[in-house]
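S.K.: Each residue of the sequence shown is one higher than the one before, starting from 36 at the first, in our numbering. Backbone N, C-alpha and C fix where the C-beta goes; we use that ideal spot for every residue, glycine too. Computed from a predicted structure; not experimentally measured.
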Amino acid sequence: MNPPASRRTARGTTRRDVLRGGTTAILASAVAPYARTAPLQAGGDEMLRVGLIGCGGRGRGAAWNALMADPNTKLVALGDMFADHLADAHKYLSQNEQVGARVEVDEDHRFVGWDAYRGVIDSCDVVLMASTPAFRPLHVEACVEAGKHMFVEKPVATDGPGLRRIMAAGERAKEKGLSLVSGLCYRYQFAKQETVQRIHDGAIGDIVSMQTTYNAGPLWLRARQPDWTEMEYQIRNWIYYYHLSGDHIAEQHIHSLDKVAWAKGGYPVKATASGGRIQRTGPEYGNVYDHFNTVYEWEDGVRAFSSCRQWNNAAQDVSDFVLGTRGSASLQGHRIRSGKAWSWRYESEEPDDMYQNEHDALFASIRDGEPINNSDYMCKSTLMALMGRLSAYTGRTITAEEALNSMEDLSVKERAFGDVATAPVAVPGIHQFS
Ligand SMILES: NC(=O)c1ccc[n+]([C@@H]2O[C@H](COP(=O)([O-])OP(=O)(O)OC[C@H]3O[C@@H](n4cnc5c(N)ncnc54)[C@H](O)[C@@H]3O)[C@@H](O)[C@H]2O)c1
36 MNPPASRRTA
46 RGTTRRDVLR
56 GGTTAILASA
66 VAPYARTAPL
76 QAGGDEMLRV
86 GLIGCGGRGR
96 GAAWNALMAD
106 PNTKLVALGD
116 MFADHLADAH
126 KYLSQNEQVG
136 ARVEVDEDHR
146 FVGWDAYRGV
156 IDSCDVVLMA
166 STPAFRPLHV
176 EACVEAGKHM
186 FVEKPVATDG
196 PGLRRIMAAG
206 ERAKEKGLSL
216 VSGLCYRYQF
226 AKQETVQRIH
236 DGAIGDIVSM
246 QTTYNAGPLW
256 LRARQPDWTE
266 MEYQIRNWIY
276 YYHLSGDHIA
286 EQHIHSLDKV
296 AWAKGGYPVK
306 ATASGGRIQR
316 TGPEYGNVYD
326 HFNTVYEWED
336 GVRAFSSCRQ
346 WNNAAQDVSD
356 FVLGTRGSAS
366 LQGHRIRSGK
376 AWSWRYESEE
386 PDDMYQNEHD
396 ALFASIRDGE
406 PINNSDYMCK
416 STLMALMGRL
426 SAYTGRTITA
436 EEALNSMEDL
446 SVKERAFGDV
456 ATAPVAVPGI
466 HQFS
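This is the structure in structure tokens:
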């Protein structure tokens, strides 16, 4: 089967043209453009200064993607909580064959500690945010305040109050004409855009139900060092503390939740979940669960059955299936089934690295003066993850409204490397919703 007409038009154009609007119809649900109210001129071919907050694995990758996206960019500032993380990232990027020549981060622009984000934001035009999620509201607010374009990794908050702050900042970014591209990268994968577009065009009829799975293996653990305080241990091992990461339903499974909400064209109104920790029971694993099973329900009665786990020596699977009245779709497989047989499969020779695509789109939008703002879905997909976690922790069904208006403030109160308590692992029926 041939690609849809809108996509065919884009085939003859460059990758940047595609991202700039050659596939407007396809991108419509992924990248919602809006009218600029306060144009911010950073276009043409002038040099764009890029800064990175959070110099871990993803941050380095994002910085590389940013430099690869546009030849007139240079990396001018790095910020991290820890000097060793920053030094590793600087070494990695400055020695990289493809982008190293455009890494110009002098000693004065290597910012370390709780306020590192301020130095980065003040030094550049485009800010990449890839630190521990709990700090994202603070960083995004400061970035919007300073009027800088941004790339924002997922999830964007770990609690209701943080999410409300990000939502407000996203609106202000729109008013200021700033580009805000989300790290929910599947939205920028051409293969998924085309698959979802077909679902929206009616290829499988009306959606009846969905199933999504992120069954993965265990992640890294940074061994406790004698000179680390408890706060340092927790921030270095942030994935195991739900106030810092949101738990893995938010930190990792959010991709799956985002995909099914995208396919459905909207967000669920309630969630009922269960979960716990079976393998990761030691104190070194903080207070997160290692598995969740959640049923999400939409206003029209459609349900998504969602499961995620991080288990060693167990079957792994990342997949999403959308079942409709006339067929079904595999989002991860980029395939559509009509009746009993697969009737369409995405095929293309075109490069389709979603991590690169999102940065290509960000820089093209800045050059063209046509800001992208992904705030809506980046916040709502985070909310969907919070609903699941809150439901699993409390044992209650949690509505979207309840999760969004939750008063549970998980933000780090004492910004210092001292002793800090660890909240107990949540026990359903005992853990209170607030
Ligand atoms: N889109 C994706 O596919 C994808 C993949 C991996 C990670 N991520 C996201 O990227 C983010 C980072 O993940 P990672 O795997 O790189 O983790 P990481 O631990 O390797 O990196 C996080 C870095 O942030 C630093 N940091 C923590 N608090 C900070 C603060 N207040 N200010 C500045 N720096 C701070 C840490 O020291 C660390 O170097 C997370 O939100 C994660 O969910 C997204």
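Apply the 10 Å Cβ neighbour rule to Met-116 and answer buried if 16 or more other Cβ atoms are within range, or exposed otherwise.
M.R.: For the purposes of this step, residue 116 is taken as the residue at position 81 of the sequence shown. Flag for Met-116 reads buried.
S.K.: Give the list of continuous alpha helix (DSSP H) stretches no shorter than 4 residues that lie fully inside the region 269-336.
M.R.: 277-280, 283-286 and 289-299
S.K.: Can we count Tyr-277 as close to ligand 1, meaning its CB is less than 7 Å from some heavy atom?
M.R.: For the purposes of this step, residue 277 is identified with residue 242 of the sequence shown, where counting begins at 1. Checking the Cβ of Tyr-277 against ligand 1 gives no.
S.K.: Secondary structure at Thr-429, three-state DSSP: helix, strand or coil?
M.R.: By 1-based counting over the sequence shown, the position of residue 429 is 394. Helix, per DSSP.
S.K.: Which residues bound the alpha helix (DSSP H) around Gly-464?
M.R.: Here residue 464 corresponds to residue number 429 of the sequence shown, with the count starting at 1. Element bounds for Gly-464: n/a, residue is neither H nor E.
S.K.: Going by beta carbon distance, what residues of the same chain come within less than 7 Å of Met-413, once the five residues before and after it are set aside?
M.R.: In the sequence shown, residue 413 corresponds to position 378, counting from 1. Counting only Cβ-Cβ distances below 7 Å, and skipping sequence neighbours, we find Val-187, Lys-189, Val-191, Ser-217 and Leu-219.
S.K.: How many Å lie between Ala-558 and Ala-420 at the Cα?
M.R.: The structure shown does not extend to residue 558, since the chain is modelled only from 36 to 469, so the question has no answer here.
S.K.: Using a 10 Å radius around the Cβ and a threshold of 16 neighbouring Cβ atoms, would you call Leu-254 buried or exposed?
M.R.: The residue labelled residue 254 in the question sits at position 219 within the sequence shown. Burial call: exposed.
S.K.: Can Tyr-152 be considered in contact with ligand 1, in the sense that its beta carbon sits closer than 7 Å to one or more heavy atoms?
M.R.: Numbered from its first residue, the sequence shown carries residue 152 at position 117. Yes, the beta carbon of Tyr-152 sits closer than 7 Å to at least one heavy atom of ligand 1.
S.K.: Quick check on the burial criterion: 16 or more other C-beta atoms within 10 angstroms. Buried or exposed for Thr-329?
M.R.: Position 294 of the sequence shown holds residue 329. Of the residues assessed, Thr-329 falls on the buried side of the cut-off, its CB having 16 or more other CB atoms within 10 angstroms.
S.K.: Can you give the Cα-Cα distance for Arg-338 and Asn-250, rounded to whole angstroms?
M.R.: Reading the sequence shown from its first residue, position 303 is the one you call residue 338. Reading the sequence shown from its first residue, position 215 is the one you call residue 250. Near 19 Å, if we compare the C-alpha coordinates of Asn-250 and Arg-338.
S.K.: Short of 6 Å in beta carbon distance, which residues of its chain neighbour His-283, apart from the five on each side in sequence? Order them along the chain.
M.R.: Position 248 of the sequence shown, counted from the start, is the residue given in the question as residue 283. Excluding sequence neighbours, His-283 sits near Gln-345.
S.K.: Using only the alpha-carbon positions, how far apart do Lys-126 and Arg-207 sit?
M.R.: As a working note, residue 126 is residue 91 in the sequence shown. As a working note, residue 207 is residue 172 in the sequence shown. So the two alpha carbons sit approximately 35 Å from each other.
S.K.: Just checking, does the region 142-157 make contact with the region 93-105 on the three C-beta pairs under 8 Å criterion?
M.R.: Put simply, the region 142-157 does not touch the region 93-105. Fewer than three CB pairs are less than 8 Å apart.
S.K.: For Cys-159, does the three-state DSSP call read helix, strand or coil?
M.R.: To locate residue 159, count along the sequence shown from 1; it is residue 124. Three-state result, Cys-159: coil.
S.K.: Okay, do the region 260-278 and the region 311-328 touch, 3+ Cβ pairs below 8 Å being the bar?
M.R.: yes
S.K.: Where Cys-343 and Asp-80 are concerned, what is the direct C-alpha to C-alpha distance, given to the nearest angstrom?
M.R.: In the sequence shown, the residue the question calls residue 343 occupies position 308. In the sequence shown, the residue the question calls residue 80 occupies position 45. Taking the straight line joining both Cα atoms gives about 44 Å.
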